[in-house]
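The structure under discussion appears below in the form of structure tokens.
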Amino acid sequence: MSEILKVKNISKKYENTIIFENLNLSVQKGEVLVIVGPSGCGKSTFLRCLNALEDIQEGEIILDGEVINSDAHNLRKIREKIGMVFQSYELFPHMTVLQNVILAPVKVKKIDKKEVTKKALELLNKVGLLSKKDSYPRQLSGGQKQRVAIVRALMMEPEILLLDEITAALDPEMVKEVLDVVLSLAKEGRTMLIVTHEMQFARAVADRMIFIDEGKIVEEGNPKEFFDNPKSERLKRFLNNFNYVETN
Ligand SMILES: Nc1ncnc2c1ncn2[C@@H]1O[C@H](COP(=O)(O)OP(=O)(O)OP(=O)(O)O)[C@@H](O)[C@H]1O
Ligand SMILES: [Mg+2]
Numbered sequence: 003m004s005e006i007l008k009v010k011n012i013s014k015k016y017e018n019t020i021i022f023e024n025l026n027l028s029v030q031k032g033e034v035l036v037i038v039g040p041s042g043c044g045k046s047t048f049l050r051c052l053n054a055l056e057d058i059q060e061g062e063i064i065l066d067g068e069v070i071n072s073d074a075h076n077l078r079k080i081r082e083k084i085g086m087v088f089q090s091y092e093l094f095p096h097m098t099v100l101q102n103v104i105l106a107p108v109k110v111k112k113i114d115k116k117e118v119t120k121k122a123l124e125l126l127n128k129v130g131l132l133s134k135k136d137s138y139p140r141q142l143s144g145g146q147k148q149r150v151a152i153v154r155a156l157m158m159e160p161e162i163l164l165l166d167e168i169t170a171a172l173d174p175e176m177v178k179e180v181l182d183v184v185l186s187l188a189k190e191g192r193t194m195l196i197v198t199h200e201m202q203f204a205r206a207v208a209d210r211m212i213f214i215d216e217g218k219i220v221e222e223g224n225p226k227e228f229f230d231n232p233k234s235e236r237l238k239r240f241l242n243n244f245n246y247v248e249t250n
């Protein structure tokens, strides 16, 4: 395994508020990290810093051996290497599913439209949405839209995929279809950082669990240890909030 991402001593502040301080993390190629923690602890902010959507005040983020900074050339490279999917899918309403997913590779990466379309159709097929390729976002369910958003991110062939509570806005019956897609991406060996409140899914998909509270990584470990033998009182308390049913 080789290291794809290294976070060294980063701090994030909004004016006088410290969101996190001296955070360190190393991510290996092919690793799936699941980040959990109480609301407001800084999970989304952390992912946004990795993607340079937020600046950091101290420390360094090293992606594929290169320090991330916010000059324009660098930013473009980061956005190509790190894909992100949010809770709200933000598809373009006036474009069909196919048009939505081919837009960035054609416009930004200047890849031949025919080639991009072929790949888009393959990926849409993989997430069970080939028949929806000519539909508009308003004609899709939430779960379908979120699967389109995942395909859109994959189209850029990112080295790392950041997923921030991508099922949080979905009706329960649509959660599984989206999480199944993420599980299949994990099996393919994609590197992912996932923020989720779905603890059974977390346990199934994670190579490593991370618990953040009050701006610090309080505990991390393999999912079995993490869920069955949490060490810190804070993590025990946190896990008690979920009706988590052990499955193995
Ligand atoms: N633009 C901003 N200006 C000031 N404070 C902010 C800003 N954005 C976020 N925060 C604060 O940073 C903290 C972390 O927010 P963040 O959205 O990262 O939390 P989170 O862990 O993702 O929470 P949730 O589980 O509810 O999504 C919160 O206290 C929030 O109020
Ligand atoms: Mg969040």
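Residues in the sequence shown are numbered from 3 upward in steps of one, following our numbering. C-beta atoms are modelled at their ideal positions from N, C-alpha and C, and glycine is treated no differently.
Backbone CA spacing between residue i and residue j [nearest angstrom]
{"i": "E1", "j": "F94", "result": "Because residue 1 is not part of the residues shown, which for the chain are 3 to 250, the question remains open."}
{"i": "E117", "j": "V36", "result": "33 Å"}
{"i": "K14", "j": "S133", "result": "44 Å"}
{"i": "N250", "j": "I196", "result": "Residue placement at N250 is poorly supported in this model, since its pLDDT is 47, which falls under 50; the coordinates still yield a value, given next. Taking the straight line from one Cα to the other gives about 22 Å."}
{"i": "L163", "j": "S137", "result": "25 Å"}
{"i": "T47", "j": "K120", "result": "35 Å"}
{"i": "K115", "j": "E159", "result": "16 Å"}
{"i": "R62", "j": "R236", "result": "It should be noted that the sequence gives Glu, not Arg, for residue 62. Rounded to whole angstroms, E62 to R236 spans 28 Å at the Cα level."}
{"i": "N11", "j": "I70", "result": "14 Å"}
{"i": "L7", "j": "M194", "result": "11 Å"}
{"i": "G223", "j": "A204", "result": "12 Å"}
{"i": "I64", "j": "L142", "result": "38 Å"}
Beta carbon of residue i nearer than 8 Å to that of residue j
{"i": "I99", "j": "L131", "result": "Inspection of the sequence shows that residue 99 is occupied by Val rather than by Ile. Yes, these two residues count as a Cβ contact at 8 Å."}
{"i": "N24", "j": "V9", "result": "no"}
{"i": "V34", "j": "A188", "result": "yes"}
{"i": "N125", "j": "K135", "result": "Per the sequence presented here, residue 125 reads as Leu, with Asn not at that position. No, these two residues do not count as a Cβ contact at 8 Å."}
{"i": "G44", "j": "G191", "result": "no"}
{"i": "F213", "j": "E221", "result": "yes"}
{"i": "V183", "j": "V103", "result": "no"}
{"i": "E175", "j": "D66", "result": "no"}
Residue i classed as buried or exposed, judged by whether at least 16 other C-beta atoms fall within 10 angstroms
{"i": "T19", "result": "exposed"}
{"i": "Y16", "result": "exposed"}
{"i": "G85", "result": "buried"}
{"i": "V110", "result": "exposed"}
{"i": "M211", "result": "buried"}
{"i": "P232", "result": "buried"}
{"i": "M157", "result": "buried"}
{"i": "A208", "result": "buried"}
{"i": "G42", "result": "exposed"}
Cβ shell of residue i (< 6 Å), same chain only, five flanking positions each side left out
{"i": "V87", "result": "A151, I152, A155, L165, I168"}
{"i": "Q89", "result": "E167, A170, A171"}
{"i": "V108", "result": "K115, V118"}
Cβ-based neighbour list, residue i, same chain, cut-off 8 Å, excluding 5 preceding and 5 following
{"i": "E5", "result": "S28, V29, Q30, K31"}
{"i": "L172", "result": "G144, G145, Q148, V180"}
Own chain partners of residue i with C-beta closer than 7 Å, once the 5 adjacent residues on each side are dropped
{"i": "S72", "result": "A54, D57"}
{"i": "N76", "result": "I70"}
Is the region 72–90 touching the region 39–53 in the sense that three or more CB pairs, one from each, lie closer than 8 Å?
-> Short answer: they touch.
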